[in-house]
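Heads up: the sequence shown at position 49 corresponds to 54 in my numbering, and the numbers run straight through without jumps. We put the beta carbon where it would ideally sit given N, CA and C, even for glycine. Here the structure is a predicted model, which is why all the values come from computation and not from measurement. Everything below concerns the one structure shown next.
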Amino acid sequence: MWYFMLHSGVHATIAGVLLAFAIPFRNGDEKSSSYKLQHFLHRPVAFIIMPLFALANTGIALTENWISGLVTLNGVGIFAGHC
Numbered sequence: 006m007w008y009f010m011l012h013s014g015v016h017a018t019i020a021g022v023l024l025a026f027a028i029p030f031r032n033g034d035e036k037s038s039s040y041k042l043q044h045f046l047h048r049p050v051a052f053i054i055m056p057l058f059a060l061a062n063t064g065i066a067l068t069e070n071w072i073s074g075l076v077t078l079n080g081v082g083i084f085a086g087h088c
């Protein structure tokens, strides 16, 4: 499905919103698929996707020795500050 959305010309944000509307919600109990999906995605989003997004938007240059840039005060602040 993602391949067709990629080549359809639909913006990724619009595609994500339409996909979210397609997930059945019911009454929000622990057995609903939206509840399971939310809890499944919480940790990867909170600890991988959001810090990478924040790092990408800071303008820190990732050169060939990019790991040393992550342990600077700015890099540590980005990873620690999202909580």
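Using three-state DSSP, classify residue i as helix, strand or coil.
i	result
residue 64	coil
residue 79	helix
Please determine, among the options, the residue with the shortest C-alpha to C-alpha distance to residue i.
i	options	result
residue 30	39, 22, 24 and 23	39
residue 35	26, 27 and 45	45
residue 54	78, 41, 84 and 22	84
residue 51	41, 12, 15 and 86	86
State the Cα-Cα distance for the pair residue i and residue j, rounded to the nearest angstrom.
i	j	result
residue 76	residue 70	11 Å
residue 20	residue 27	11 Å
residue 63	residue 32	39 Å
residue 57	residue 48	13 Å
residue 18	residue 60	20 Å
residue 37	residue 16	28 Å
Pop quiz: residue i and residue j are said to be a contact at Cβ under 8 Å. What is the actual Cβ separation, rounded to whole angstroms?
i	j	result
residue 74	residue 82	Their Cβ separation, rounded to whole angstroms, is 12 Å, which puts residue 74 and residue 82 out of contact at 8 Å.
If you measure from the CB of residue i, is any heavy atom of the ligand COA nearer than 8 Å?
i	result
residue 70	As for the ligand COA, it is missing from this structure, which has no ligand bound.
| task | Within the segment 7 to 52, note down every full alpha helix (DSSP H) run reaching 4 residues or more, in order along the chain. | result | Along the segment 7 to 52, the alpha helix (DSSP H) occurs as fully enclosed runs of 4 or more residues at 7 to 13, 17 to 27 and 38 to 49, listed in sequence order.
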